[in-house]
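**Student:** This is the structure I have questions about; it appears just below.
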Amino acid sequence: QVAEHDVILTTYGVLLRDRRYLGLVFIGAFGISSFFAYLANSPFVLIDHYGLTPRQYGMAFAINAASFIGASQFTATLALRWGLVRVVKFAVSGYATVMVALLLVYLLGVDRLDVLIVMMLLGFGFLGLVVPTTAVLALDPHGTIAGTASALMGTLQFVTGAVVMATIGLFVDTTALPMVTGIACCSLLTWILARATLGASA
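This note's numbering applies: residue 283 is where the sequence shown begins, and numbers increase by one.
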């Protein structure tokens, strides 16, 4: 039992010292955290702020979820053509661009449901390419300890999501701005981490 415990600690030590692994894990973590932020805050924003009925909210949420899930189905095809690293860089750049643009729109005083839904649709489409590709890149060099690497990745990503949602919760008001700000910040962090982890050039 002591030997097994030492092996587990050694395995986690290997992963926690691997900067590329951690960088990829947190690219995915902040990406999925932004979706968690939308999941947690969108009912209040779309129903209470914009006045949607529960049925209309369900349709609006389904559109954005479909964008996220639908885009992820193309990751294998795009990866075969361009490579996983290029797909990640393209996706995080698109995601950050769309979400920061959405934040700027709201900071300029534009508060429109159609703008929010369309830009979330585009942004979460890009995000759908980020999460699965970063997971594959993070786990690929650790095939012999893939189970531990996957477990640690899931733990770090869910903890990050909890922290992000709690932080946004401190600023929640009756508008969409706190949610949009939190999502935009997460998207910027994915872009910064991608450049630091995978390099600035394709």
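Even for Gly, the Cβ is constructed at its ideal location relative to N, Cα and C.
Quantities reported herein were computed from a predicted structural model and do not represent experimental measurements.
Between serine 354 and glycine 410, how many whole angstroms is the CB-CB distance? I'm expecting something under 8 Å.
**Tutor:** 4 Å
**Student:** Across the stretch 424-443 and the stretch 309-317, are there enough close Cβ pairs to call them in contact, namely three or more that are closer than 8 Å?
**Tutor:** yes
**Student:** Taking all protein chains shown into account, decide if valine 413 is buried (16 or more other Cβ within 10 angstroms of its Cβ) or exposed.
**Tutor:** buried
**Student:** Heavy atom of the ligand HEM less than 7 Å from the Cβ of leucine 360, yes or no?
**Tutor:** Looking at this structure, you won't find the ligand HEM or any other ligand, since it has none at all.
**Student:** In chain order, what residues of the same chain have a beta carbon less than 7 Å from the beta carbon of leucine 334, not counting five sequence neighbours either side?
**Tutor:** Leu328 and Ala342
**Student:** Going by DSSP in three states, threonine 463 sits in which element: helix, strand or coil?
**Tutor:** helix
**Student:** Decide yes or no for the touch test of the stretch 423-431 against the stretch 288-301: beta carbon pairs closer than 8 Å, at least 3 of them.
**Tutor:** yes
**Student:** Looking at C-alpha atoms only, which residue of Leu291, Tyr320 and Tyr303 is the closest neighbour of glycine 451?
**Tutor:** Tyr320
**Student:** Assuming leucine 386 is part of the alpha helix (DSSP H), what are its boundary residues?
**Tutor:** 366-389
**Student:** Do you know offhand how far arginine 363's Cα is from phenylalanine 356's?
**Tutor:** 11 Å
**Student:** With glutamine 439 as the anchor, note down where its alpha helix (DSSP H) starts and where it stops.
**Tutor:** 428-451
**Student:** What are the boundary residues of the alpha helix (DSSP H) that includes aspartate 396?
**Tutor:** 395-421
**Student:** Buried or exposed, going by whether 16 or more other CB atoms sit within 10 Å of the CB of alanine 383?
**Tutor:** exposed
**Student:** Curious, which full-length alpha helix (DSSP H) runs of at least 4 residues does the stretch 307-377 contain?
**Tutor:** 336-354 and 357-364
**Student:** Would you say tyrosine 303 and proline 325 are within 8 Å of each other, going by their C-beta atoms?
**Tutor:** No; because the gap between Cβ atoms is not below 8 Å, this pair is not in contact.
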